[in-house]
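**Q**
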Amino acid sequence: MIRKFLKIGLVALMLGAAPAALSAAPKKSLAIFVVIENGGVVTDRETAKTSINYLLGELVKLRRRKATKHGLIHIILSANPTEVTWSGTPQQLFEQGHSILELIKFKDTCSDLVLAWDQADLTKRITMPDEIRLIAIGPMINASFPCDKGDTTIKLPQPAPQKLKLAKLAADATQVKLLNVHADQDEVYLTYLQKAGVITRAQKGEMDFDLMDAARTRAANGKILEGR
991 MIRKFLKIGL VALMLGAAPA ALSAAPKKSL AIFVVIENGG VVTDRETAKT SINYLLGELV
1051 KLRRRKATKH GLIHIILSAN PTEVTWSGTP QQLFEQGHSI LELIKFKDTC SDLVLAWDQA
1111 DLTKRITMPD EIRLIAIGPM INASFPCDKG DTTIKLPQPA PQKLKLAKLA ADATQVKLLN
1171 VHADQDEVYL TYLQKAGVIT RAQKGEMDFD LMDAARTRAA NGKILEGR
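Just so you know, the numbering used here puts 1026 at position 36 of the sequence shown, and the rest follows in order with no gaps.
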């Protein structure tokens, strides 16, 4: 009889511990990479600033959602592409928004997409998030460092750089948004991402994808991150 009660007690303890074990399961981590072109290739800077303001406003709202409030946002600038300009949660973005905008300065200098997306890839490998989302704001025109030597003429449409890691990252992303893409570059990057299987994944509903020129970006400002 004593053994019987011991067995019942042990089962009860195991059942009681199960919910606690489940609740202690680690939450999936989210990383949102925002690559902003802020070099000399950006000619309409007022439009770019407007898009950035709206996008940061949308990212701030993620602090209200259980699935995204603990996510990390990484902002990388194409004119300063060898480091992450700012990282933090949506709540920190809400608290530091003004100072973050001060960091995003437009410069008449290089705009290196290769190094910027290299930095995104490196940060992903270091932090090892479970989910990644990618957002790019700019014309998708590459002006690699050093850009002050030799012929710096850029002819459009410009092919996607061979070493660009955007496609590699996009293959694993749940969201890819390209905003303010130059009218001569939209087909280039649509084809580039199509070859990486991104369009097929989007058609299957496995990811949220959009590529917007300046006009479509203006129309979508404030609801960029909403799924189709």
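We put the CB at the ideal spot given by N, CA and C, even for glycine.
Do the segment 1111-1123 and the segment 1156-1164 touch if we need at least three Cβ pairs shorter than 8 Å?
**A** Yes, the segment 1111-1123 touches the segment 1156-1164.
**Q** Can you give me the start and stop residues for the beta strand (DSSP E) that Arg1123 sits inside?
**A** For the purposes of this step, residue 1123 is taken as residue 133 along the sequence shown, with counting starting at 1. Per DSSP, Arg1123 belongs to the beta strand (DSSP E) from Glu1121 to Ile1127.
**Q** Got a sec, what are the start and stop residues for the beta strand (DSSP E) Lys1167 sits in?
**A** Counting from one through the sequence shown, the residue named residue 1167 turns up at place 177. Start and end: Gln1165 to Val1171.
**Q** If we count the other Cβ atoms within 10 Å of its Cβ and call it buried at 16 or more, is Ser1089 buried or exposed?
**A** Position 99 of the sequence shown, counting from 1, holds the residue named residue 1089. Under this definition Ser1089 is an exposed residue.
**Q** Taking just the CA atoms, how far does Thr1072 sit from Ala1205?
**A** Walking along the sequence shown from the start, residue 1205 turns up at place 215. Walking along the sequence shown from the start, residue 1072 turns up at place 82. Looking at the two C-alpha atoms, the distance is approximately 30 Å.
**Q** Determine the closest residue to Trp1107 out of Met1197, Lys1153, Lys1194 and Leu1183, with distance taken between C-alpha atoms.
**A** What you label residue 1107 is simply residue 117 of the sequence shown in a count that begins at 1. Considering only alpha carbons, the answer is Lys1153.
**Q** What does Val1024 pair with, by DSSP beta-bridge criteria?
**A** Taking the sequence shown and counting its residues from 1, the one referred to as residue 1024 is at position 34. DSSP, once it has assigned bridges, lists Ile1065 and Ile1125 as partnering Val1024.
**Q** Report yes if the CB atom of Thr1207 is closer than 8 Å to the CB atom of Ser1041, and no otherwise.
**A** Stepping through the sequence shown from its first residue, residue 1207 is reached at position 217. Stepping through the sequence shown from its first residue, residue 1041 is reached at position 51. It is a contact, given that the beta carbons lie within the stated cut-off.
**Q** Helix, strand or coil for Gly1087? Go by DSSP, reduced to three states.
**A** Taking the first residue of the sequence shown as position 1, residue 1087 is located at position 97. The answer is helix: DSSP assigns Gly1087 an H, G or I state.
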